[in-house]
Amino acid sequence: MTISRPRGTRDFLPEDTRCRRNVENILRRVVRNWGFQEIITPTFESLELFTMKSGEGIVGELYNFTDKGDREMTLRPELTAPVMRMYVNEMQARQRPLKLFYFENCFRYERPQKGRFREFWQFGVELIGSDKADADAEVIALASEMLKAVGIRGDLHVNHLGVIRHLLSVLETEQQSRIMRLVDKKEYQALEDYLAEMNAPSDLRMKLIELIDLTGNDAIEKARMLVGDIPELAAYQELLTLLDTYRVEYTIDFGIARGLDYYTGMVFEVYAEGLGAQKQVCGGGSYQLIKLFGGGDVPSTGFGLGFDRIMEVCTIEPEEAKPVVIIAMESTRLEAVKTAMQLRPHVPVHIDLMKRNFKAQLSYANYLEAGYAVIIGDKEAAAGKVMLKDMQSGEQELLTVEEVIRKLRV
RNA sequence: GCCGGGGUAGGGUAGCGGUUAUCCUGUGGCCCUGUGGAGGCUACGAUUCGAGUUCGAUUCUCGAUCCCGGCCCCA
């Protein structure tokens, strides 16, 4: 009877872990070079933090629990809300903009499928304090740069919700939300039915249906013909001009909505090939959440990268230093330990821990894909030297440990 | 929550009503305490779980569970 790993979780073997850490470090390097700072928030939070943001409906998809003090808690399902909470709790007095990032595991009680797990990792960025196009553009460009750095060619779709919201501003808030959700899900038939049912002005109906279908290079011009010279369209254009300057490749897509009320301006999504139904690897936008959590009226913009999905399509291989394996006799075991300690500041070193014979040790070195074997027998020990064997060529030479170190550094 | 396809040693597999459950690989030991990738010998190791049908189930039926894919959802 063995205990199996919980559903929707994964064990990462050494080879997997090496790849993941490698990609993670590349992403970290890029985001740091853009001036963002890493933060860590708790693995669990008050349940209320997430119901406040996303509604009571999400509880069914949470790993929530009551703790021993009768508090309603949950493992975090995402990190935007925790970061906003952290900001409200202890960073409001800092000068803006704040440029933060995180790389953490999240938990959702959902049915696992390709690219979807119950424990998954998100790499995210939040830029707090600016609602300018410059901030939006920096965030999109950074996302694009990060994906490029790990060799992923994504399809980036961008939109500015100001335009559609301007169009809908004559409607009630409730109606606007419902429409945004339908647009997000691309349920265009249901959308038309709803518009008919609520007796929306026919002018608005026509414009809306046409607007959300606009994509591609001339979409802005077409939108201008539909809605006129509104300031939201000018803001959208400003963003696109910046993106062009960043040399980001994008597709204008008035159909991207994100069905949540706190998305107000820029929104974007990135899709990658080869992921089946879960092809979105990145999603983000500018939003207003801080007020909801009891802070000031501070605008933010950010995105989350689905790290597991990135790993699914990412093919970059980490390079690793080939280890050195010390091969010793029963009589020179202690010499092997001393030599290992001298070499370990420079390379990964293995010594025999199984009391194996000479041949088996060499065979093990071969299995470990060692670059070199360092052989220490009675003869070498007596001479105060070691035999350095190149495992590739098979050549070997008698050297002092210092000479070995010098040689390994080359 | 719903719909498909699956589950045999650590990995990959054969058997499809009665087998000592097949083979490959792996791992440990030995051949072999001074030179690796090979070989030989040997040991280890599996029918996902539960119920039913049957004289007898790895094999058939049902349920559960887990895996793979899809729907819903996706903050």
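Under this note's numbering, the residue at position 76 of the first sequence is numbered 508, and the numbers go up by one with no gaps. The beta carbon of each residue, even a glycine, is placed where N, CA and C say it ideally should be.
**OP:** Could you check which residue in 459, 726 and 749 has the C-alpha nearest to that of residue 556?
**Re:** Looking at 459, 726 and 749, the one whose alpha-carbon comes closest to that of residue 556 is 459.
Subject >> Chain-order list of residues whose beta-carbon lies under 7 Å from that of residue 805 (same chain, five-residue window excluded) >> reply: Excluding sequence neighbours, residue 805 sits near 757, 759, 794, 797, 821 and 823.
Original post:
Given a threshold of 16 other Cβ atoms within 10 Å of its Cβ, counted over all protein chains shown, does residue 570 qualify as buried or as exposed?
Top reply: Burial call: buried.
Subject >> Which listed residue (799, 712 and 786) has its alpha carbon closest to that of residue 735 >> reply: Looking at the Cα atoms, 712 is the closest of the given residues.
Original post:
In chain order, which alpha helix (DSSP H) runs of at least 4 residues are fully inside the segment 616–651?
Top reply: If you keep only unbroken alpha helix (DSSP H) runs of at least 4 residues inside the segment 616–651, you get 620–629 and 634–643.
**OP:** Give the secondary structure of residue 506 by DSSP, where H, G and I count as helix, E and B as strand, and everything else as coil.
**Re:** It is a strand residue.
Original post:
In the structure shown, what three-state DSSP assignment does residue 778 receive?
Top reply: Coil, per DSSP.
Subject >> Sequence-distant residues of its chain with Cβ nearer than 7 Å to residue 541 (five each side left out) >> reply: Taken in chain order, the residues that qualify are 493, 494, 495 and 550.
Original post:
What number of angstroms, rounded off, separates the C-alpha of residue 839 from the C-alpha of residue 474?
Top reply: Approximately 46 Å between the Cα atoms of the pair.
**OP:** Return the first residue and the last residue of the alpha helix (DSSP H) that residue 725 is part of.
**Re:** The continuous stretches of alpha helix (DSSP H) do not include residue 725, and DSSP gives it neither H nor E.
Original post:
What are the complete beta strand (DSSP E) segments, minimum 3 residues, inside the segment 704–772?
Top reply: Listed in chain order, the complete beta strand (DSSP E) runs (minimum 3 residues) inside the segment 704–772 are 712–719, 732–738 and 756–760.
Original post:
Around the C-beta of residue 697, are 16 or more other C-beta atoms found within 10 angstroms, so that it is buried, or is it exposed?
Top reply: Under this definition residue 697 is a buried residue.
Original post:
residue 675 by DSSP, collapsed to three states: which one?
Top reply: In the structure shown, residue 675 sits in a helix (DSSP, three-state: H, G or I).
**OP:** Please report the residue range of the alpha helix (DSSP H) in which residue 564 lies.
**Re:** Residue 564 -> no alpha helix (DSSP H), and no H or E assigned at all.
Original post:
Helix or strand or just coil, what does DSSP make of residue 653?
Top reply: Here residue 653 carries a helix assignment [DSSP, helix/strand/coil].
Subject >> Backbone CA spacing between residue 753 and residue 723 [nearest angstrom] >> reply: Rounded to the nearest whole angstrom, the CA to CA distance from residue 753 to residue 723 is 50 Å.
Original post:
From residue 827 to residue 767, what does the alpha carbon distance come to, in whole angstroms?
Top reply: Between residue 827 and residue 767, the C-alpha separation is close to 22 Å.
Original post:
How would you write the range of the beta strand (DSSP E) that residue 785 sits in, first residue to last?
Top reply: Per DSSP, residue 785 is not a residue of any beta strand (DSSP E), being assigned neither H nor E.
**OP:** Take the Cβ of residue 472 as the centre, count every other Cβ of all protein chains shown within 10 Å, and call the residue buried at 16 or more, exposed below.
**Re:** Exposed, because fewer than 16 other Cβ atoms sit within 10 Å of the Cβ of residue 472.
Subject >> Simplified DSSP state of residue 439, which is helix, strand or coil >> reply: Coil, per DSSP.
Original post:
Would the segment 580–587 and the segment 702–717 be scored as touching if the rule is three or more Cβ pairs under 8 Å?
Top reply: Taking 8 Å as the limit for Cβ pairs, the verdict is that the segment 702–717 does touch the segment 580–587.
**OP:** Give the single residue among 572, 657, 685 and 599 whose Cα lies nearest to the Cα of residue 632.
**Re:** The closest CA to that of residue 632, considering only 572, 657, 685 and 599, is found on 599.
Original post:
Using DSSP with H/G/I as helix, E/B as strand and the rest coil, what is residue 697?
Top reply: Here residue 697 carries a strand assignment [DSSP, helix/strand/coil].
Original post:
Ends of the alpha helix (DSSP H) at residue 593?
Top reply: Per DSSP, residue 593 belongs to the alpha helix (DSSP H) from 593–600.
Original post:
What did DSSP end up calling residue 478 once you bin it into helix, strand or coil?
Top reply: In this structure, DSSP gives residue 478 an extended state, which the three-state scheme calls strand.
**OP:** With a cut-off of 8 Å on the beta carbons, I'd call residue 733 and residue 532 a contact; round off their distance for me.
**Re:** About 12 Å separates the two Cβ atoms, so there is no contact after all.
**OP:** Output yes or no for whether 7 Å exceeds the beta carbon distance between residue 689 and residue 616.
**Re:** Contact flag set, yes.
Original post:
Between residue 643 and residue 665, which are expected to be in contact by the criterion C-beta below 8 Å, what is the C-beta distance as a whole number of angstroms?
Top reply: Actually they do not touch by this definition, with Cβ atoms about 11 Å apart.
**OP:** Measure the beta-carbon distance from residue 731 to residue 562 and round it to whole angstroms, keeping in mind my assumption that it falls under 8 Å.
**Re:** 7 Å between Cβ atoms; contact.
Subject >> Buried or exposed (CB count within 10 angstroms, at least 16 for buried), residue 770 >> reply: Note on residue 770: under 16 other CB atoms within 10 angstroms of its CB, so exposed under the neighbour-count rule.
Original post:
Any idea what DSSP makes of residue 794, helix, strand or coil?
Top reply: Residue state, collapsed to three classes: helix.
Original post:
Do residue 837 and residue 782 have their C-beta atoms within less than 7 Å of each other?
Top reply: Going by C-beta atoms, residue 837 is not nearer than 7 Å to residue 782.
**OP:** Can you tell me which of the three DSSP states residue 666 falls into?
**Re:** Annotated three-state conformation of residue 666 is helix, per DSSP.
Subject >> Residue from 515, 525 and 694 whose Cα sits closest to the Cα of residue 594 >> reply: Ranking the options by Cα distance to residue 594, first place goes to 694.
**OP:** Note down, in chain order, each residue of its chain lying with its Cβ closer than 6 Å to the Cβ of residue 510, except the 5 sequence neighbours on either side.
**Re:** Taking C-beta separations shorter than 6 Å and ignoring five residues to either side along the sequence, the partners of residue 510 in its chain run 538, following chain order.
Original post:
Can you give the Cα-Cα distance for residue 554 and residue 441, rounded to whole angstroms?
Top reply: Separation of residue 554 and residue 441 (C-alpha to C-alpha, rounded to the nearest whole angstrom) is 15 Å.
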